[in-house]
Structure formats: structure tokens, C-alpha cells
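Following: one structure in C-alpha cells, then a few remarks.
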Amino acid sequence: MARDGGELKLLGMWASPFVARAKLALQIKGLSYEYVEEDLGNKSELLLSSNPVHKLVPVLIHNGKPVCESSVIVQYIDDAFAGTGPSLLPADPYQRAVARFWAAYLEDKLFTTWIPVYIGRTSEDRLEAARQVVAVLEKFEQAFEECSGGKAFFGGDAAGLVDVVLGGFLGWLRASQMMCGVRVIDPAKTPLLAAWADRFAALDGVREVIPDVQRLLEYNKMRRARHGLP
Ligand SMILES: N[C@@H](CCC(=O)N[C@@H](CS)C(=O)NCC(=O)O)C(=O)O
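In terms of our numbering, the sequence shown is residues 963 to 1192.
Here is the structure:
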């Protein structure tokens, strides 16, 4: 039950950075919800009927109505529960636009550059992908410096949309070091983001939401073996 008495159900899969994003938004807003783990090899009827277009997790179901796409879900949570917990988006329209721009940057650049770290065939492919992830984060580090204005989070004193979007990836970014030998959130290259990562993970209930690195590594090994990757 959410605090407004409405029912919230999240369809997810534990290793998904997109699902982690939705969980983080719910956690930061202080909303309780029913979590349903999906078997993506055998999707439930509820998932297929709730997200008939993409058939992907996460799906948030609020009072029986489905909301799909993780970034849309995060913004929906903020709108639908505007009076509950901290706001994930700034009130000022320009600052909202800036937050949405950087959330979209992370969405477009980070995931696409990171994917070959996960499924690259050779260790060189994986290494090169990790170097590109570092470049994406270096660019983001500059934005973080400007937008946070020296405060703890991208959104200022409290975590917001951009923090949640990056935070959803944190488990996998931390796992990259063991996957390909490159520390992608490197205190030497992106010191502000390295400090941010520790601060973000220390927020109430956040550590429990970010998937465990060891479990992610085992999952990646299993997926690679299943796809005949070395
Ligand atoms: N753009 C989507 C991506 C969601 C996504 O890719 N979900 C994956 C799990 S990480 C999924 O459901 N995969 C199932 C499939 O590909 O059939 C979002 O942000 O919600």
C-alpha cells in the first residue's frame, strides 16, 4: 500500500538497472509497494498484459493502472505522490529541463556504451567498452560539478531524478572492475562521482536496493555461458 491508500505493485527482475531505478525512486519517496520478481524467460500474463508494447520490466502498477519505462515510472512516482517524501524533480522549469537532459544523456550514452562490457566477445572488446564508459562518466562529472553547485547530489541536498538514473546502474558499474579490469567510477578520473557513489549508497535503504556485485558477476558469467561467450 502506498501512503495515499493506493495500491502499488512493481514487476521487476533483481539484476535490472532499470528496475533498480524504479525501486530507488520508491525508496527515496518513502513509498511501500508489493514487489513481484519476473522470470524473463517465462513472462507472467500480468507483465505481458501490462506492457504489451515492449514486454519489459519494470512495470509499476498503481491502483491497477500500468506505467512502463523506468524514466517515465520515476517521473510518474514524483507526480502522483507529489505531497509524499522529497521531490525528485526541481520545481523550477529550467532546472527540471536540465535534470531531464542529463537523465536522458545517461540513458542514451551510459547504457549503450556499457552493454559490450557485459556481452562483449573478447576481453579487448570489453576493455574498450569500459574505456568508453569512463569517457561518458568524465563528461557527466563536469555536469555534476556545475549542477550540484558543490552539494551532495545532482539534485542538490537531496537525491533526485538524475541521481536515481545513475544510481540504478551503480551495481553494474561497480561490477565492471571485476568483469574487465577497469574501475569505471575511478576516484582518479571522476573524483566527484566516486564520492557521490559512496554517499548515494549510504542513503537510507539504498544499499538494499542496489544489486549485490558478487551476485551480478555470477549472473553475468551464467548469461555469457548460455550465449556461448568466453
Ligand atoms: N527502456 C526500458 C528498458 C527496460 C529493459 O531493458 N528491461 C529488461 C531487463 S534489464 C527486460 O525486461 N528484458 C526482458 C526482455 O528483453 O525480454 C526501461 O527503461 O524501462
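Glycine included, each C-beta is placed from N, C-alpha and C at the ideal position. Quick caveat, the model's predicted, so the values are computed rather than measured.
- Closest by C-alpha distance to Gln1094, out of Leu1072, Ala1105, Leu1154 and Ile1039, is Leu1072.
- Taking 8 Å as the cut-off, the beta carbon of Ala1137 is found closer than this to the beta carbon of Val1175.
- At a cut-off of 7 Å, the beta-carbon of Glu1031 counts as near ligand 1: some heavy atom of the ligand is closer than that.
- At a threshold of 7 Å, Lys985 does not count as near ligand 1, since its beta carbon sits no closer than that to any of the ligand's heavy atoms.
- Taking 3 residues as the minimum length, the beta strand (DSSP E) runs contained wholly in the segment 971-1030 are 996-999, 1021-1024 and 1027-1030, in order along the chain.
- At the C-beta level, Glu1000 and Ser1006 come within 8 Å of one another.
- If you look at Ala1066, you'll find it in the alpha helix (DSSP H) that goes Pro1055 to Tyr1067.
- When the Cα atoms are used, Arg1083 and Pro1192 turn out to be separated by approximately 7 Å.
- The C-beta distance from Val1126 to Leu986 rounds to 5 Å, short enough to meet the 8 Å contact threshold.
- Judged by pairs of C-beta atoms under 8 Å, the segment 1104-1112 touches the segment 1154-1168, as three or more such pairs exist.
- Per DSSP, Ile1077 is one residue of the alpha helix (DSSP H) stretching across Phe1073 to Ile1081.
- In the three-state reduction of the DSSP assignment, Phe1106 falls in the helix class.
- As the crow flies, the alpha-carbon of Gly1143 is around 12 Å from that of Asp1087.
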